[in-house]
Amino acid sequence: KGKCVKYGEDRFQVEIGYNAELIAVFKKIPSKSYDPAMKKWNFRLEDYSSFMEAANQLSSVILTPLEGENAVGLASGSHFVGSRVDVKSLLKMCKNWKKPSALVKGKCVLISRLRFEVDIGYSTEVIGVFKQMDSRNYDANTRKWNFLLEDYPKLMEVLQSLVSVEVEPLPEAIIQTFAAQIQRSTSQTDIPDADLSVVDSKIVTSLMPFQREGVNFAILRNGRLLLADDMGLGKTIQAICIAAYYRKEWPLLVVTPSSVRFTWAEAFHRWLPSLSPGSTNVIVTGKDNLTASLINIISFDLLSKMDKQLKSTFQVVIIDESHFLKNIKTARCRAAMPLLKAAKRVILLSGTPAMSRPAELYTQIAAVQPAFFPQFHSFGLRYCDGRKVLQWGKWQTGTLQTAFYFIFLKQS
Numbered sequence: 001k002g003k004c005v006k007y008g009e010d011r012f013q014v015e016i017g018y019n020a021e022l023i024a025v026f027k028k029i030p031s032k033s034y035d036p037a038m039k040k041w042n043f044r045l046e047d048y049s050s051f052m053e054a055a056n057q058l059s060s061v062i063l064t065p066l067e068g069e070n071a072v073g074l075a076s077g078s079h080f081v082g083s084r085v086d087v088k089s090l091l092k093m094c095k096n097w098k099k100p101s102a103l104v105k106g107k108c109v110l111i112s113r114l115r116f117e118v119d120i121g122y123s124t125e126v127i128g129v130f131k132q133m134d135s136r137n138y139d140a141n142t143r144k145w146n147f148l149l150e151d152y153p154k155l156m157e158v159l160q161s162l163v164s165v166e167v168e169p170l171p172e173a174i175i176q177t178f179a180a181q182i183q184r185s186t187s188q189t190d191i192p193d194a195d196l197s198v199v200d201s202k203i204v205t206s207l208m209p210f211q212r213e214g215v216n217f218a219i220l221r222n223g224r225l226l227l228a229d230d231m232g233l234g235k236t237i238q239a240i241c242i243a244a245y246y247r248k249e250w251p252l253l254v255v256t257p258s259s260v261r262f263t264w265a266e267a268f269h270r271w272l273p274s275l276s277p278g279s280t281n282v283i284v285t286g287k288d289n290l291t292a293s294l295i296n297i298i299s300f301d302l303l304s305k306m307d308k309q310l311k312s313t314f315q316v317v318i319i320d321e322s323h324f325l326k327n328i329k330t331a332r333c334r335a336a337m338p339l340l341k342a343a344k345r346v347i348l349l350s351g352t353p354a355m356s357r358p359a360e361l362y363t364q365i366a367a368v369q370p371a372f373f374p375q376f377h378s379f380g381l382r383y384c385d386g387r388k389v390l391q392w393g394k395w396q397t398g399t400l401q402t403a404f405y406f407i408f409l410k411q412s
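The sequence shown begins at 1 in my numbering and counts up by one.
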């Protein structure tokens with residue numbers, strides 16, 4: 001490992017330990033000069049690009065670029081250098097990336113909220129590009145390179161320019177969800193405190209710091225989220241506070257397991273003392289009026305039996321134990337999904353959003369963000385090890401291949 005540094009006004013110097021391959025590169029640079037006292041090589045700035053291009057072909061060498069100089073392969077007029085990233089350009093890239101004649105193929109995979117890796121076969125050309133990224137990191141265990149999301153745009157632009165290399169981009173849903181990290185926008189990655197002056201002070205002052213953070217996050221996301229805190233951490237109080245913030249958009253619908261319908265009614269009156277005694281309507285039979293009060297609480301089973309009344313659109317909906325909607329083929333899920341997609345605010349609660357297989361997450365994500373994965377097909381192929389069994393023509397969904405979805409859920 002080494003680095004390039006300025007040397008005088010018009011030259012740069014390479015500070016690195018002995019490497020025979022690199023010395024051979026040094027000797028091919030026209031402006032080369034060796035300082036025997038310092039035992040270092042220096043060159044004219046006009047040779048910097050050609051030198052870095054040659055040095056980056058050496059798998060045994062990692063050089064930190066010269067400060068203030070564009071990385072080799074990135075044009076100074078690039079979309080993604082020295083300016084705000086154009087997310088639309090990145091989304092367009094998701095549709096036009098295939099190269100039938102490519103010899104080296106790979107794909108980008110999200111590995112944390114801040115980093116992604118490139119899963120690709122060995123190529124000195126690709127490694128040369130990787131070494132240009134400031135945030136590069138090589139994992140010796142997986143033998144893969146990973147980078148900060150903020151380096152994603154410029155890395156992909158260079159890789160796309162390589163005729164013999166095909167790299168599948170991050171999915172559109174990831175680009176949209178992690179746009180703030182990709183754009184290095186501190187104002188978007190920091191969650192501001194929401195103005196809760198319109199909510200009863202009793203519930204606001206009762207929130208613990210992490211619960212207040214959950215409420216802030218929900219409001220930042222315009223009231224559409226999956227709150228997946230563990231059991232006992234207060235998902236109910238957070239959901240009530242979030243819903244109360246959007247009180248002007250009520251009537252509110254709460255869908256919950258039958259055994260806790262009245263518990264929810266009690267919780268609303270406990271935390272929102274401004275509610276009148278008749279503000280809650282617990283649906284007990286299929287003959288009850290689903291829109292009789294400001295707050296309407298119904299079980300999953302009864303929801304599927306009240307098709308006619310479900311034509312009334314609720315703008316704010318809470319789904320308790322949202323993993324009950326894991327199977328799109330069930331009556332409860334078929335009844336709930338149109339409601340959720342039509343609602344303006346959707347608050348899903350579950351301490352176990354995926355009980356066994358990642359496919360169980362699909363309906364919950366589709367409820368919160370319908371545009372992210374309009375069809376199960378692409379979701380199943382990438383994240384569930386999905387494949388179509390030709391003999392029966394049915395989808396088989398295996399285990400989640402990466403930790404992606406838990407990262408995605410936390411962010412979206």
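Ideal placement from N, C-alpha and C gives every residue a C-beta, glycine not left out. Predicted model only: the values in this text are computed from it and were never measured.
query, result
"Length of the line joining the Cα atoms of Gly77 and Ser31", "Low confidence applies here, because Gly77 scores a pLDDT of 41, under 50, leaving its location unreliable and the question unanswered by this model."
"Cβ shell of Leu58 (< 6 Å), same chain only, five flanking positions each side left out", "Glu21"
"Exposure of Met208, with buried meaning 16 or more beta-carbon neighbours within 10 Å", "exposed"
"Rounded straight-line distance, which links the Cα of Ser201 to that of Ala336", "32 Å"
"Exposed unless 16 or more other CB atoms sit within 10 angstroms - verdict on Phe116", "buried"
"Three CB pairs or more closer than 8 Å across the stretch 314-328 and the stretch 344-357", "yes"
"Three-state class that DSSP yields for Pro283 in the structure shown", "Before going on, a small fix: residue 283 reads as Ile here, not Pro. Residue state, collapsed to three classes: coil."
"Alpha carbon of Gly73 to alpha carbon of Val158, nearest angstrom", "The pLDDT assigned to Gly73 is 43, lower than 50, so where the model puts this residue is not dependable; a value taken from the coordinates is nonetheless given after this. Distance between the alpha carbons of Gly73 and Val158 is about 6 Å."
"Buried versus exposed, by CB contacts within 10 Å (16 or more), Glu166", "buried"
"Burial state of Thr280, where buried means 16 or more other Cβ atoms lie within 10 Å", "buried"
"Span separating the alpha-carbon of Tyr122 from that of Asn56", "14 Å"
"Spatial distance of Val109 from Asp139 (CA atoms)", "14 Å"
"Proximity of Ile295 and Leu275 at Cβ, strictly below 9 Å", "yes"
"C-beta atoms of Gln183 and Glu150 nearer than 9 Å", "yes"
"When Val199, Leu220 and Ser49 are compared against Asp193, the one with the closest alpha-carbon", "Leu220"
"9 Å Cβ cutoff, Tyr122 in contact with chain B", "Included in the structure is just one protein chain, with no chain B present."
"Short Cβ contact (9 Å threshold) for Val61 with Asn96", "no"
"Contact the stretch 232-241 vs the stretch 302-316: 3+ CB pairs below 8 Å", "no"
"Own chain residues within Cβ distance below 7 Å of Gln315, not counting five before or after", "Glu249, Ala343, Lys344 and Arg345"
"Nearest-angstrom Cα separation, counted from Leu196 out to Ala292", "27 Å"
"Identified DSSP bridge partners for Asp195", "Note: Asp195 sits in no beta bridge, so no partner."
"Sequence ranges, beta strand (DSSP E) only - wholly within the stretch 195-257, length at least 3", "224-227 and 252-256"
"Rounded separation between Gln414 and Thr256 - CA only", "Nothing can be reported for residue 414: it is not among the residues displayed for the chain, which extend from 1 to 412."
"Collapsed DSSP secondary structure at Phe80 in the structure displayed", "Caution applies to Phe80, whose pLDDT of 45 falls short of 50 and renders its modelled position unreliable; the model cannot decide the point."
"Bridge-paired residues (DSSP) for Gly121", "In DSSP, Gly121 forms no bridge with anything."
"Met93 vs Pro169 beta-carbon contact at 9 Å", "yes"
"Phe80 to Lys154 span [Cα, whole Å]", "At Phe80, the pLDDT of 45 sits below 50, so the modelled position is not reliable; the number obtained from the coordinates is stated separately. Taking the straight line from one Cα to the other gives about 6 Å."
"Distance between Ile175 and Gln181 (C-alpha atoms, nearest Å)", "9 Å"
"Sequence-distant residues of the same chain with beta carbon closer than 6 Å to Lys99, five excluded per side", "Glu166"
"Cβ neighbour criterion (16 or more within 10 Å) applied to Gln238", "buried"
"Straight-line gap, Thr363 to Gln160 (C-alpha atoms, nearest Å)", "33 Å"
"Gln375 (DSSP reduced to helix, strand or coil)", "coil"
"Beta-carbon gap between Leu253 and Val317 smaller than 9 Å", "yes"
"Val5 vs Ala102 beta-carbon contact at 9 Å", "no"
"Chain-order list of residues whose beta-carbon lies under 6 Å from that of Lys394 (same chain, five-residue window excluded)", "Confidence at Lys394 is low in this model, with a pLDDT of 47, below 50, so the placement of that residue should be treated as unreliable; the coordinate-derived value is given next. Excluding residues within five positions, none has a Cβ falling inside 6 Å."
"Ile328 - DSSP class collapsed to helix/strand/coil", "coil"
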